[in-house]
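Asks:
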DNA sequence: TTAGGGTTAG
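Numbering (the UniProt record's numbering), first residue to last: 1 to 395.
1) For residue 263 versus residue 251, is the C-beta spacing smaller than 8 Å?
2) With a threshold of 6 Å on Cβ separation, who are the neighbours of residue 367 within its own chain once the five nearest residues in sequence on each side are excluded?
3) State whether the segment 84 to 97 contacts the segment 130 to 137, with contact taken as three or more CB pairs (one from each stretch) at a distance under 8 Å.
4) In this structure, how does DSSP classify residue 97 when only helix, strand and coil are distinguished?
5) Can you pull the DSSP bridge partners for residue 29?
6) Could you have a look at residue 386 and say whether DSSP puts it in helix, strand or coil?
7) Using the beta-carbon count (16 or more within 10 Å), is residue 22 buried or exposed?
8) DSSP has residue 393 in a bridge; who is on the other side?
9) Does the beta-carbon distance from residue 188 to residue 151 come in below 8 Å?
10) Would you report the Cα separation of residue 335 and residue 346, rounded to the nearest angstrom?
11) Going by alpha carbons, who is nearest to residue 267 out of 29, 306 and 322?
12) Measuring alpha carbon to alpha carbon, tell me which of 341, 253 and 296 ends up nearest residue 282.
13) Residues in the same chain with beta-carbon distance under 6 Å from residue 8, minus the five sequence neighbours each way, listed in chain order, please.
14) Which same chain residues, not among the five before or five after residue 392, have their C-beta less than 7 Å away from its C-beta?
15) According to DSSP, is residue 348 part of a helix, a strand, or is it coil?
16) Suppose contacts are defined by Cβ-Cβ distances below 8 Å. Is residue 202 in contact with residue 181 by that definition?
17) Tell me whether residue 370 is buried or exposed, calling it buried when 16 or more other Cβ atoms sit within 10 Å of its Cβ.
18) Where does residue 224 fall in DSSP's three states?
19) Identify, in the order they occur along the chain, each residue of the same chain with its Cβ nearer than 7 Å to the Cβ of residue 183, setting aside the five sequence neighbours on each side.
20) Going along the chain, which residues of its own chain have a beta-carbon closer than 8 Å to the beta-carbon of residue 237, five neighbours each way excluded?
21) Measure the Cβ-Cβ separation of residue 77 and residue 41 and say whether it is below 8 Å.
22) Excluding five sequence neighbours on each side, which residues of the same chain lie with their C-beta closer than 8 Å to the C-beta of residue 260?
23) Can you tell me which of the three DSSP states residue 282 falls into?
24) Less than 8 Å between C-beta atoms, sequence neighbours within five positions excluded: which residues of the same chain meet that for residue 399?
25) From residue 170 to residue 102, what does the alpha carbon distance come to, in whole angstroms?
26) For residue 205, count neighbouring Cβ atoms within 10 angstroms of its own Cβ and tell me buried if that reaches 16, exposed if not.
27) My output table needs one value for residue 318: the three-state DSSP class, helix, strand or coil.
28) Measure the beta-carbon distance from residue 83 to residue 112 and round it to whole angstroms, keeping in mind my assumption that it falls under 8 Å.
29) With 16 as the cutoff for other CB atoms within 10 Å, does residue 106 come out buried or exposed?
30) Are the beta-carbon atoms of residue 56 and residue 66 separated by less than 8 Å?
31) Is residue 146 helix, strand or coil when you go by DSSP?
32) Just curious, the alpha helix (DSSP H) that residue 175 is in, first and last residue?
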């Protein structure tokens, strides 16, 4: 049964996997239920892929019932499963109950915090782990670098980079090098990112190229980004095939440099040349590009004509541009779309209210303010890094 | 057969 389960999970037929598991459990006879700890790992994986919170809890209960709760593989998988459906507290609780913690389960918990948008907590755990004398391996530092990138924690990122370079016997693999490039680019040291990229020579993969393109784009260096994109596609030795994420970097670069026509061309070429269908993010980039050039009506028409229905983020991009450029009429039209999609999003109403204020339309402003009495704004947050430790502030 | 690694629009 485990072999069949494994096949289902591998081919993403998670429904079949769970049905098989439920039937086996239902048909059990006494102590002989033909479910072992290997089964549990596969079932948890399937639950995670389907985001079934309740099912994970059921399996956890079963784990306790069958006495598998002290097996480190099962415990680690529970940490990952809870984290995968956003239940970080439950993941941490499983971790706390573990008697022996190795590098894999530490890394699992650190990833849980990174994946659920709490990089600061992730870095604290990274330090705790070393205090407990568990040595990080290449996976742990890859995840920790990701936390640094999310936080903009350059000093910590530099410390980790130096740690892996000087630690004897530490193997820096491709994924780790990519994480280093991404960390430097996200933390503002684009020069260091580029040096790493240049040093890697022929060992780069698509992710390496994409990280560097996105890095340049984020820094407003459109020319460098687009040049790299052309280079990767036309190299004599080993052409690189861009993927959909590469195209996000390319469109971001066009957006930051105001290259409307070039952006349109690239958006078209992704399906024509590589058979990649644009996702919401790609259309979002295009809307951003048109907005930044001041072509608000074109942007609106673009959103209406998109082959997929725009989500709130795309409309919000347009609303922000309307507010910034003082186009009240279009702004109101866009806001009504947003009200239908996400009525309780306080920030959209604040944007609209500010736009009315800038146009001295006080009555309209008051009306928006009155409408949002029941919604709550998400507080703004900022952070600063001092001596490799990050301090966060909320206002 | 056993657990962990992302590059993604505002």
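Note that the Cβ used here is the ideal one computed from N, Cα and C, for glycine as well. In this text the structure is predicted, and so the values were computed from the model without any measurement.
Replies: With the given structure in hand:
1) In contact: residue 263 and residue 251 (Cβ atoms closer than 8 Å).
2) The answer is none, since no qualifying residue turns up.
3) The segment 84 to 97 is not in contact with the segment 130 to 137.
4) Residue 97: coil per DSSP, three-state reduction.
5) 32, per the DSSP bridge assignment.
6) In the structure shown, residue 386 adopts extended strand secondary structure according to DSSP, grouped into three states.
7) By the beta-carbon neighbour count (other beta carbons within 10 angstroms, threshold 16), residue 22 is exposed.
8) 382, per the DSSP bridge assignment.
9) For the pair residue 188 and residue 151, the CB atoms are not nearer than the 8 Å cut-off.
10) Between residue 335 and residue 346, the C-alpha separation is close to 12 Å.
11) The shortest C-alpha separation from residue 267 is found at 306.
12) Minimum Cα distance to residue 282 is reached at 253.
13) These residues qualify, in order along the chain: 16 and 17.
14) Once the five neighbours on either side are set aside, the close Cβ partners of residue 392 are 120, 381 and 383.
15) Here residue 348 sits in helix by DSSP.
16) Against a cut-off of 8 Å, the Cβ pair of residue 181 and residue 202 comes out as no contact.
17) If you draw a 10 Å sphere on the C-beta of residue 370, you find fewer than 16 other C-beta atoms in it, and that means exposed.
18) Residue 224 falls in the helix class under three-state DSSP.
19) Only 145, 148, 149 and 157 meet the Cβ criterion.
20) Only 202 meet the Cβ criterion.
21) Yes, the pair counts as a contact, with Cβ atoms nearer than the cut-off.
22) So the qualifying residues of the chain are 254, 289, 290, 293 and 295.
23) Note: residue 282 maps to helix in three-state DSSP.
24) In the structure as shown, the chain begins at 1 and stops at 395. Residue 399 is therefore absent and cannot be evaluated.
25) Each residue's Cα considered, the two are about 18 Å apart.
26) By the 16-neighbour rule on beta-carbons within 10 angstroms, residue 205 is exposed.
27) In the three-state scheme derived from DSSP, where H, G and I count as helix and E and B as strand, residue 318 is classed as helix.
28) That belief holds up - the Cβ atoms of residue 83 and residue 112 are roughly 3 Å apart, short of 8 Å.
29) The Cβ neighbour count for residue 106, taken over all protein chains shown within 10 Å, is at least 16; the residue is labelled buried.
30) No, the pair does not count as a contact, with Cβ atoms beyond the cut-off.
31) It is helical.
32) Annotation for residue 175: the continuous alpha helix (DSSP H) segment containing it runs 174 to 186.
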